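Below: one structure, written as structure tokens.
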Amino acid sequence: MTALRLLPVVTCALLLGACASQPKPLQGGYVEALTPHAAVQGEHTGAMVRWGGRIVQVEPRTDATCFEMIATRLTATGRPYWASDDTNGRFIACRAGFYDPAVFEINREVTFTGRIAGYDSRRVGEYDYRFPRVEADVVYLWPKRERVDVITRPAPWPWWGYW
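Residues in the sequence shown are numbered from 61 upward in steps of one, following this note's numbering.
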């Protein structure tokens, strides 16, 4: 009898959990296996991609704003993994218009969708690095992650706990 009472609760929890999805601007069909690191190994100009990561530098220009990014894996919702040092290389994403560097700060998480428009060579320190350049259709700035410290206190008496 108890199992029958739990069945609707478990079913509702599973159905509501399945509703979690990507933000609408990030939905679509993209070449998920193509990372920035893999893109510089071959010629992939014109490929539709959804890449994200952390901002290294923001360069406002007269007609567009370009973002130099460190790419990381994306979660199922399209958000970059934040605690990952597993980077997929670097890339540059440009979008028409002005994006304020005070809002798009260093280390903020951003996801882009667009096409690979070509490749740029720049220096990272003393190293000549080949960046894939994305002409972005969508620039999605994720909200800052809030750190929450959970403090558990010891039981005030020895028989504390589940009965």
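Beta carbons are placed, not taken as given, at the ideal position from N, Cα and C, and that holds for glycine. All of these numbers come straight from a predicted model, not from anything done at the bench.
Residue i lies in the alpha helix (DSSP H); which residues open and close that run?
| i | result |
| --- | --- |
| residue 96 | 96–99 |
Hey, would you say residue i sits closer than 8 Å to residue j, going by beta carbons?
| i | j | result |
| --- | --- | --- |
| residue 150 | residue 200 | no |
| residue 96 | residue 148 | yes |
| residue 116 | residue 130 | yes |
| residue 178 | residue 105 | yes |
| residue 124 | residue 157 | yes |
| residue 169 | residue 202 | yes |
| residue 138 | residue 153 | no |
| residue 161 | residue 120 | yes |
| residue 142 | residue 207 | no |
Pop quiz: residue i and residue j are said to be a contact at Cβ under 8 Å. What is the actual Cβ separation, rounded to whole angstroms?
| i | j | result |
| --- | --- | --- |
| residue 172 | residue 112 | 7 Å |
| residue 30 | residue 176 | Because the chain is modelled from 61 through 223, residue 30 falls outside the range shown and cannot be assessed. |
| residue 100 | residue 192 | 6 Å |
| residue 140 | residue 114 | 7 Å |
Tell me the residue span of the beta strand (DSSP E) that contains residue i.
| i | result |
| --- | --- |
| residue 163 | From DSSP, residue 163 is part of no beta strand (DSSP E); its letter is neither H nor E. |
Just grab the DSSP bridge partners of residue i for me.
| i | result |
| --- | --- |
| residue 194 | 153, 176 |
| residue 209 | BP columns for residue 209 are empty, so no partner. |
| residue 186 | In DSSP, residue 186 forms no bridge with anything. |
Would residue i pass as an interface residue toward chain D - the criterion being a Cβ-Cβ separation below 8 Å?
| i | result |
| --- | --- |
| residue 210 | The structure shown has no chain D; it contains just one protein chain. |
Taking the runs of the alpha helix (DSSP H) that are 4 residues or longer, which of them lie wholly in the stretch 108–146? none
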